[in-house]
Each structure stands twice: as structure tokens, then as C-alpha cells.
Amino acid sequence: MTPLERWYVEHGRHDLAWRHTRDRWSVLVAEVMLAQTQVARVASAWPEFLARFPTVEAAAAASVGDLIVAWGRLGYPRRARRLWEAADFVVAHGWPDDLTLLPGVGRYTAGAIRAEVDDEPDAIGIDVNIRRVCERTEGASLRDREAESVALRLARPLYGRDRLLALMDLGALVCTARAPQCDRCPLRRRCATRGERDGEVRSRQPRYEGSFRQRRGRVLDLLRRAERVEIGDVDIEVVQSLVDDGLAEIREGLVTLPGRGPSSAGSSRAGRGLTR
Ligand code: SF4
């Protein structure tokens, strides 16, 4: 066993609920949530969302607005709309061989699903944690494809699912952004930097308080809770941006979530067309 394999067996986050399924839809939902939300919040949101929409068929049969309601306060609700679009695509065409054909699924998510669900030997996805491990061990900034080949090499003989999750967990628990714990890292002998030279550009979250994002969050909250919201009663600039993003509709002077308006109730596809 290599040091990384041993570390993963002993310290990997094997208890995360979405690691106990190989269901493609369930893993897709988890990965989309995890892309911009912390693990602890996803841990409570993921089972609730799947209880409401356990299959692609259930999600596609609902309205976009229903998914946005179920998304709750996870943030970045465009993800809920993209999930609905992905479910709609799969119901119509089946799962594509190239998962990046699905709305909202990029190179990382496609690679992660191929690794986690299918355990494909060559599958890898480069998320922020894996990128950090690869760049620190190499001592250089890497493009996606460069990072992918470093990841394949670093984790040998691990492959597929175990390789992805071992590197992801190492980045999340040991090779952390602010304080890498190099003395307990299974890759320290192979690491060019050992935390001394950090080539990464640390991303700083923009302030939420007072931001446009906060204003959008408030209006979306209102739309989730209220039966009727008159257009004159809400922040029109925010409503316009939500309509542009396909997260709200204006019908007959009312603002609603997609597919939940007065003339679109019950239609799962009503969210696509906007009537202003
Ligand atoms: S030795 Fe330190 S910097 Fe290098 S991969 Fe391990 S934790 Fe990260």
C-alpha cells in the first residue's frame, strides 16, 4: 500500500452520504451542490432534495420553480434550474456518453461522475482541492489537462473512484488552502513545495452583506414562500435579473418562480418561455 492509499483508508471522508450510492442522478445532484456550497450544508440539503426528486423523471416532471423551492437557501439557485434542464435532457435523450452535453455539467463534474459512479480507470476531475494538491506537489500553476495528468501520476496505483476521492480528501483535510499540514501528508516526499511556496491565487469571496446577490436571495425567498407577489412590490432590478436567468417569470402583473404562475401551474416546461 502506498502512503496515499493508507492515508485514504484511515482518514478519507467515507461517511459522506453521497459516497454510499452509485446512482448517477444522486451523484450529479451532490456534485452540483458541492461545486459552490460547503460540505456540511450539502450534507443536510442533499437527502432532502433527493427525497423530493429521487429520480431524473421526478425532477423533469416537476416545474423549475419546484426545484428552486427544494433548493432552499443553498445559494446560486441557477444550479437548480440547470439540474432541471439536465433532468429534462436525460428523460428525453437518455444519459449521454459525453456528460458535458448536459446543461450545467462541466469538465470537472463529468469526470467526477465517471469516476464516482462508473469507476472508470482514466476518469478524473480537477476540483479546487485536487488542483491545490497537484500544483503544490509540482510547484507550478497547472492548466486543467496538466493537473489531470499530475493527479493520475500522483495517486498511482489508485484509479477511478478511489483516486478522485483520495486526492479530493487530501486537499480538503491536509493540504488545505490556508494551513497545509505537511508533517502528516502522505505526499510530502514527492512534494516540490511542502507548503513553502504557494503558487495558488487564493480566491476571496466577495462580500455578501449589501450585495446584489443578497438582494436576489431576498426576492427568491419571497417567491418561494408567497402565493402572489405583485410586480410593484419587489425590487424590479432584481426581478429583471432573475427573469434573465430563468429563475422567475412575470405573468399578468405577478412575479413567480418558473412554472408556478397563474397560467403555467402544473406545467413542467413553463419555465422555459418568459412572458413579460
Ligand atoms: S506536503 Fe504539504 S504542500 Fe505538499 S501536498 Fe502535502 S500538504 Fe500539500
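Our numbering numbers the first residue of the sequence shown as 925 and each following residue consecutively. Backbone N, C-alpha and C define an ideal beta-carbon position, used for all residues, glycine too.
Straight-line gap, residue 1075 to residue 942 (C-alpha atoms, nearest Å):
As a first step, residue 1075 must be located in the sequence shown, where it is residue number 151. As a first step, residue 942 must be located in the sequence shown, where it is residue number 18. Taking the straight line joining both Cα atoms gives about 22 Å.
For residue 1078, the three-state DSSP class (helix, strand or coil):
Translated into the one-based positions of the sequence shown, residue 1078 becomes position 154. Residue 1078 carries a helical assignment under DSSP once its states are collapsed to helix, strand and coil.
From 1039, 1009 and 1051, pick the residue whose C-alpha is nearest to that of residue 1032; which is it?
In the sequence shown, the residue the question calls residue 1032 occupies position 108. Considering only 1039, 1009 and 1051, the residue with the shortest C-alpha distance to residue 1032 is 1051.
C-alpha distance - residue 1068 paired with residue 1062, whole-angstrom precision:
The count along the sequence shown starts at 1 and reaches residue 1068 at position 144. The count along the sequence shown starts at 1 and reaches residue 1062 at position 138. A straight-line Cα-Cα distance of about 14 Å links residue 1068 and residue 1062.
With C-beta atoms as the reference, is residue 1179 less than 8 Å away from residue 1147?
Position 255 of the sequence shown, counting from 1, holds the residue named residue 1179. Position 223 of the sequence shown, counting from 1, holds the residue named residue 1147. Closer than 8 Å, so yes.
Here's a check: name, in chain order, each residue in its chain whose Cβ is nearer than 7 Å to the Cβ of residue 1083, leaving out the five neighbours to either side.
The residue you call residue 1083 lines up with position 159 of the sequence shown. Taken in chain order, the residues that qualify are 1045.
Within the continuous beta strand (DSSP E) that includes residue 1153, where are the two ends?
Position 229 of the sequence shown holds residue 1153. Secondary structure note for residue 1153: it is in no beta strand (DSSP E), with a DSSP letter that is neither H nor E.
Going by DSSP, what residue range makes up the beta strand (DSSP E) through residue 1180?
Residue numbering aside, residue 1180 sits at position 256 when the sequence shown is read from its first letter. Residue 1180: member of the beta strand (DSSP E) spanning 1178-1180, first to last residue.
Is residue 960 near the ligand SF4, with its Cβ less than 7 Å from a heavy atom?
Start at 1 with the first residue of the sequence shown, and residue 960 comes out as number 36. The answer is no for residue 960.
Below 7 Å, is the gap between the Cβ of residue 927 and the nearest heavy atom of the ligand SF4?
Numbered from its first residue, the sequence shown carries residue 927 at position 3. Incorrect: residue 927 has no Cβ contact closer than 7 Å to the ligand SF4.
Residue 1133 - DSSP class collapsed to helix/strand/coil
Here residue 1133 refers to the residue found at position 209 when the sequence shown is read from its first residue. In this structure, residue 1133 counts as coil in the three-state DSSP scheme.
Less than 8 Å between the CB atoms is what I'm expecting for residue 1078 and residue 1089, so what's the real figure, rounded?
Taking the first residue of the sequence shown as 1, we reach residue 1078 at position 154. Taking the first residue of the sequence shown as 1, we reach residue 1089 at position 165. Not really, about 14 Å apart at Cβ, beyond 8 Å.
Should residue 1063 be counted as a contact of the ligand SF4 given a C-beta to heavy atom distance under 7 Å?
In the sequence shown, counting from the first residue as 1, residue 1063 sits at position 139. Checking the Cβ of residue 1063 against the ligand SF4 gives no.
Since residue 1009 is in the alpha helix (DSSP H), which residue starts that stretch and which ends it?
As a first step, residue 1009 is located in the sequence shown; it is residue number 85 there, counting from the start. From DSSP, the alpha helix (DSSP H) with residue 1009 extends over 1002-1017.
Which stretch, first to last residue, makes up the alpha helix (DSSP H) that contains residue 976?
Here residue 976 corresponds to residue number 52 of the sequence shown, with the count starting at 1. 963-976 is the span of the alpha helix (DSSP H), which, as asked, contains residue 976.
Delimiting residues of the beta strand (DSSP E) encompassing residue 1173
Stepping through the sequence shown from its first residue, residue 1173 is reached at position 249. Element bounds for residue 1173: 1173-1175.
Residue burial classification, residue 987 (beta-carbon count within 10 angstroms, cutoff 16):
Against the sequence shown, residue 987 aligns to sequence position 63. Under this definition residue 987 is a buried residue.
Is residue 938 buried or exposed, if buried means 16 or more other CB atoms sit within 10 Å of its CB?
Taking the first residue of the sequence shown as 1, we reach residue 938 at position 14. By the Cβ-count criterion, residue 938 is exposed, with fewer than 16 other Cβ atoms from all chains shown falling within 10 Å of its own Cβ.
Helix, strand or coil at residue 927 according to DSSP, with G and I counted as helix
On the sequence shown, position 3 is the one that residue 927 refers to. Reduced to three states, the DSSP call for residue 927 is helix.
Cβ atoms of residue 956 and residue 1007: under 8 Å apart, would you say?
Your numbering for residue 1007 matches position 83 in the sequence shown. Your numbering for residue 956 matches position 32 in the sequence shown. Pairing residue 1007 with residue 956 gives a Cβ-Cβ distance under 8 Å.
Helix, strand or coil at residue 1046 [DSSP, three-state]
Start at 1 with the first residue of the sequence shown, and residue 1046 comes out as number 122. Annotated three-state conformation of residue 1046 is coil, per DSSP.
Quick one: what does DSSP say residue 1083 is sitting in, helix, strand or coil?
The sequence position of residue 1083 within the sequence shown is 159, counting from 1. Residue state, collapsed to three classes: coil.
Please report the distance separating the alpha-carbon of residue 1153 from that of residue 991.
Within the sequence shown, numbered from 1, the residue matching residue 1153 stands at position 229. Within the sequence shown, numbered from 1, the residue matching residue 991 stands at position 67. Residue 1153 and residue 991 have their C-alpha atoms spaced approximately 19 Å apart.
Let's test the definition: count the other Cβ atoms within 10 Å of the Cβ of residue 1134 and tell me whether it reaches 16, buried, or not, exposed.
Walking along the sequence shown from the start, residue 1134 turns up at place 210. Label assigned to residue 1134: exposed.
Apart from the five residues on each side of it in sequence, which residues of its chain come closer than 6 Å, Cβ to Cβ, to residue 1104?
Here residue 1104 refers to the residue found at position 180 of the sequence shown. The answer, listed in chain order, is 1119.
Which residues in the same chain as residue 1127 place their Cβ atom closer than 6 Å to its Cβ, once the five residues preceding and following it in sequence are excluded?
By 1-based counting over the sequence shown, the position of residue 1127 is 203. Since pLDDT at residue 1127 reaches only 44, below the 50 mark, its modelled position is unreliable, and no value is offered.
Close-in-space but distant-in-sequence residues of the same chain around residue 1095 (CB under 6 Å, 5 per side omitted)
Here residue 1095 corresponds to residue number 171 of the sequence shown, with the count starting at 1. Excluding residues within five positions, the ones whose Cβ falls inside 6 Å are 1053, 1054, 1056 and 1057.
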